[in-house]
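In what follows, a single structure is set out as structure tokens and then discussed.
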Amino acid sequence: MEEKRVFQDKWENLYFFTEVKDKIQCLICQQTISVPKEYNVCQHYNTMHREKYDAFTGKIREEKVQQLKAAFAKQRNFFSGINKSSEDSVRASFVISEMIAKSSRPFTEGLFVKECLMKASKMLCPDRKKIFEGISLSANTVACRITDLADNVQKQLIQMAKDFKAFSIALDESIDVSDTAQCAVFIRGVDCNLNITEELLDLIPLKGTTTGRDIFQGLEECIEKAALPWNKLVSLATDGAPSMCSENVGVVGLLKTKLNSLNIPGFSFTSIHCILHQEALSSKSLQMKEVMDVVVKTVNFIRARGLNHRQFTSFLASMDSEYGELLYHTQVRWLSRGNEIDSFLKMKNKEVPQLADSTFICNLAFLTDVTDHLNALNLKLQGRKQVITQMYDSVKAFKVKLTLWGKQLTAGNLVHFSTLNSLGKVEPKSLKEYAESISNLHKQFDVQFKDFKALEPHFQLFSTPFAVEIDNAAEEMQMELVELQCDTILKQKYTDVGIPEFYRFLSQERFPMLFSASSRIMAMFGNTYICEQFFSSMKINKSVLRSRLTDKHLKATLRLVSSQDIKLNIDAQVDAKRCQLSGFNVFKIWQQIAPAVLKQQRTVFICILCFTQCM
Numbered sequence: 049m050e051e052k053r054v055f056q057d058k059w060e061n062l063y064f065f066t067e068v069k070d071k072i073q074c075l076i077c078q079q080t081i082s083v084p085k086e087y088n089v090c091q092h093y094n095t096m097h098r099e100k101y102d103a104f105t106g107k108i109r110e111e112k113v114q115q116l117k118a119a120f121a122k123q124r125n126f127f128s129g130i131n132k133s134s135e136d137s138v139r140a141s142f143v144i145s146e147m148i149a150k151s152s153r154p155f156t157e158g159l160f161v162k163e164c165l166m167k168a169s170k171m172l173c174p175d176r177k178k179i180f181e182g183i184s185l186s187a188n189t190v191a192c193r194i195t196d197l198a199d200n201v202q203k204q205l206i207q208m209a210k211d212f213k214a215f216s217i218a219l220d221e222s223i224d225v226s227d228t229a230q231c232a233v234f235i236r237g238v239d240c241n242l243n244i245t246e247e248l249l250d251l252i253p254l255k256g257t258t259t260g261r262d263i264f265q266g267l268e269e270c271i272e273k274a275a276l277p278w279n280k281l282v283s284l285a286t287d288g289a290p291s292m293c294s295e296n297v298g299v300v301g302l303l304k305t306k307l308n309s310l311n312i313p314g315f316s317f318t319s320i321h322c323i324l325h326q327e328a329l330s331s332k333s334l335q336m337k338e339v340m341d342v343v344v345k346t347v348n349f350i351r352a353r354g355l356n357h358r359q360f361t362s363f364l365a366s367m368d369s370e371y372g373e374l375l376y377h378t379q380v381r382w383l384s385r386g387n388e389i390d391s392f393l394k395m396k397n398k399e400v401p402q403l404a405d406s407t408f409i410c411n412l413a414f415l416t417d418v419t420d421h422l423n424a425l426n427l428k429l430q431g432r433k434q435v436i437t438q439m440y441d442s443v444k445a446f447k448v449k450l451t452l453w454g455k456q457l458t459a460g461n462l463v464h465f466s467t468l469n470s471l472g473k474v475e476p477k478s479l480k481e482y483a484e485s486i487s488n489l490h491k492q493f494d495v496q497f498k499d500f501k502a503l504e505p506h507f508q509l510f511s512t513p514f515a516v517e518i519d520n521a522a523e524e525m526q527m528e529l530v531e532l533q534c535d536t537i538l539k540q541k542y543t544d545v546g547i548p549e550f551y552r553f554l555s556q557e558r559f560p561m562l563f564s565a566s567s568r569i570m571a572m573f574g575n576t577y578i579c580e581q582f583f584s585s586m587k588i589n590k591s592v593l594r595s596r597l598t599d600k601h602l603k604a605t606l607r608l609v610s611s612q613d614i615k616l617n618i619d620a621q622v623d624a625k626r627c628q629l630s631g632f633n634v635f636k637i638w639q640q641i642a643p644a645v646l647k648q649q650r651t652v653f654i655c656i657l658c659f660t661q662c663m
């Protein structure tokens, strides 16, 4: 009869063996038997332990078995608890390191956090002090944790990018505190559900020159490294610098040459000059330099010297002024304290005759109002995940407003210029000049945004698909547009949810061309605002006090700071990370198991195995 290859209860008393997780293990030396046959179990006992343990018989033998089982279970539970505690400590280390990175604090803050935890545990839960001691938060550990988390974000991004229907790139470059040119590459992708993802693709340090070719080579490498298909690249948004936009040696020109060489059928690519930068360039058409020079010079005189600033603040308080501060950017509220400023400057023997000039005051009031309007537009154009058509709609609306304001100024209507209106009567000559300034501003907007004219048919198709003339649409789109415009259910859905949510209700099988066109529009970056935000964080993280921060750690930190669409999988990091015990805990554990080691040399080997599993 074939011998059963399963554990039998009688082996406990006969051979001092037990079953642990489907393994046959000796209670005396903890050695496992690979093939659970009684012959193997018996031979192990006879060879290793029979001489010593045959003396135990009857009731004494049963008690010895139970004693060994209890000791073995206690040992297993002890190391299981160590392993669980170690995993929790590593998890806490990851969570705290993430918080340190996202709050733009130095890696050395980890030691301060641990010190705080130890103080708190001593007062709140002294019996659990050892748990907090096991959390590793040294500067090197925090740096490693942040790097691991950043790698996790990067892997998730690359995985998500495989599902992108279309993507675009926002590119900008800035100098850090160590004079290294850092080129930020952001990706904006749209998946099959039209969900938008905006994340840092790479941060490229440029150690030598920063020509368009240098930047392009870095961009090309990071796109190919991420395995992004070139045929899904829709657009590139830049700040308009020559190294970026030059058709011959700029990034845009080199990228177009690269894409043309690939001969992708039906492929189209668009370069976008950041809308925010174009608005700023347009505003320079306001010829008010003489006004701003006086304002800036006066404010700097007061603010740049601590004594002047304190005396001016006290002076305002003594005059019961409603404002107790003076901003460096003084176009807002500066007029409201003109008298106080004039009086104070006279006290300091620094007169500004323009403050008594009614024409100057009117010019400043007009500039203040126009700047307020420009600032309002600027705020509308900021923010992440904005659809480019909505941003361009805001620009077109502002141009219509400029036309209206020009007509109203000519007619003496100051309803939309509250600061200027508060001064009372304004000379007709000045109103004519202001209307001309508004007209020049309108013309400058036309010049700066002329490139968007070519995109207007695509924007119109995306924003108002039910109003597009079929005859004017591209031939490959016409049949789908007919189907769409005749579908009353979809028309009602368009009315209910609007753009861009409407396109999520379109069937990709029924409207493949429309769906593809909408995904391309939604994937476009309209500005480089995300890069500007990024560089603000870079200046905080790599400051004068942290100038030795390496490029690797800078990129890892900023990847966590800028990430919004990817959720960190800390549990996966803990599972992948070897759960390392702190030296203090290893010493404590050794103290507890040392007596057993002295009694049985075999235990040393078992302890090493257990520690190996925990590490």
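Numbering follows the working numbering, in which position 467 of the sequence shown is assigned residue number 515; successive positions increment by one, without gaps. Don't be surprised by glycine CBs; every beta carbon is placed ideally from N, CA and C. Keep in mind that this is a model prediction, so the values were computed, not measured.
Beta-carbon spacing of residue i, residue j below 7 Å
i	j	result
Ala-274	Val-238	no
Ala-149	Ile-194	yes
Ser-169	Ala-571	no
Leu-509	Ile-518	no
Ala-285	Ala-218	yes
Ala-413	Leu-479	no
Trp-667	Ile-409	Because the chain is modelled from 49 through 663, residue 667 falls outside the range shown and cannot be assessed.
Leu-242	Arg-432	no
Val-201	Ser-511	no
Ala-187	Phe-160	no
His-321	Gly-288	yes
Ser-330	Phe-493	yes
Helix, strand or coil at residue i [DSSP, three-state]
i	result
Ser-391	Reliability fails at Ser-391, whose pLDDT of 45 lies under 50, so the model's placement of it is uncertain and the value that follows must be treated cautiously. Looking at Ser-391 - three-state DSSP - the assignment turns out to be helix.
Cys-231	strand
Leu-62	helix
Pro-84	coil
Ile-578	helix
Leu-597	coil
Gln-56	coil
Glu-281	Contrary to the premise, residue 281 reads as Leu rather than Glu in this sequence. In the structure shown, Leu-281 sits in a strand (DSSP, three-state: E or B).
Phe-635	Low local confidence applies: a pLDDT of 49 at Phe-635 is under 50, so the model's placement there is unreliable, with the coordinate-based value given in what follows. It is helical.
Ala-214	strand
Gly-472	coil
Gly-182	coil
His-464	coil
Arg-139	helix
Ile-547	coil
Trp-382	Here the model assigns Trp-382 a pLDDT of 38, short of 50, so the residue's position is not dependable, and the following value carries that caveat. Trp-382 falls in the coil class under three-state DSSP.
Glu-272	helix
Leu-554	coil
Gly-106	helix
Assumed close pair residue i, residue j - CB separation to whole angstroms, cut-off 8 Å
i	j	result
Arg-153	Ile-618	Not confirmed; about 19 Å, so no contact.
Asn-575	Ile-323	5 Å
Glu-146	Leu-602	Glu-146 to Leu-602, Cβ: 16 Å. No contact.
Arg-109	Asn-61	6 Å
Asn-427	Phe-446	Inspection of the sequence shows that residue 427 is occupied by Leu rather than by Asn. Actually they do not touch by this definition, with Cβ atoms about 12 Å apart.
Ile-183	Lys-167	Not really, about 14 Å apart at Cβ, beyond 8 Å.
Phe-514	Gln-533	5 Å
Glu-247	Leu-205	5 Å
Asp-196	Gln-621	6 Å
Val-225	Lys-590	5 Å
Cross-strand partners of residue i (DSSP beta bridge)
i	result
His-321	Thr-286
Asp-250	Val-233
Leu-219	Val-233
Gln-73	Thr-66, Thr-80
Thr-245	Gly-237
Nearest neighbour of residue i, chosen from the options [CA to CA]
i	options	result
Tyr-87	Val-54, Thr-543, Lys-100, Thr-259	Val-54
Val-83	Ile-72, Leu-329, Ile-76, Tyr-93	Ile-72
Leu-249	Gly-256, Leu-267, Leu-75, Ile-263	Leu-267
Arg-568	Asp-494, Val-435, Asn-589, Lys-455	Val-435
Gly-158	Glu-181, Lys-177, Asp-175, Cys-173	Glu-181
Asp-405	Val-339, Lys-444, Asn-423	Val-339
Leu-429	Asp-441, Ala-565, Thr-419, Ile-206	Asp-441
Ser-319	Lys-477, Ser-222, Thr-305	Thr-305
Lys-100	Gly-256, Cys-77, Phe-120, Ile-81	Cys-77
Val-282	Arg-176, Ser-564, Asp-535	Ser-564
Lys-210	Trp-278, Thr-259, Gly-256	Trp-278
Thr-95	Gln-114, Thr-105, Lys-112, Cys-74	Cys-74
Gly-460	Lys-178, Val-448, Leu-450, Tyr-482	Tyr-482
Proximity test, residue i beta-carbon vs the ligand ATP heavy atom, cut-off 6 Å
i	result
Ala-620	The model on display carries no ligand, and the ligand ATP is accordingly not part of it.
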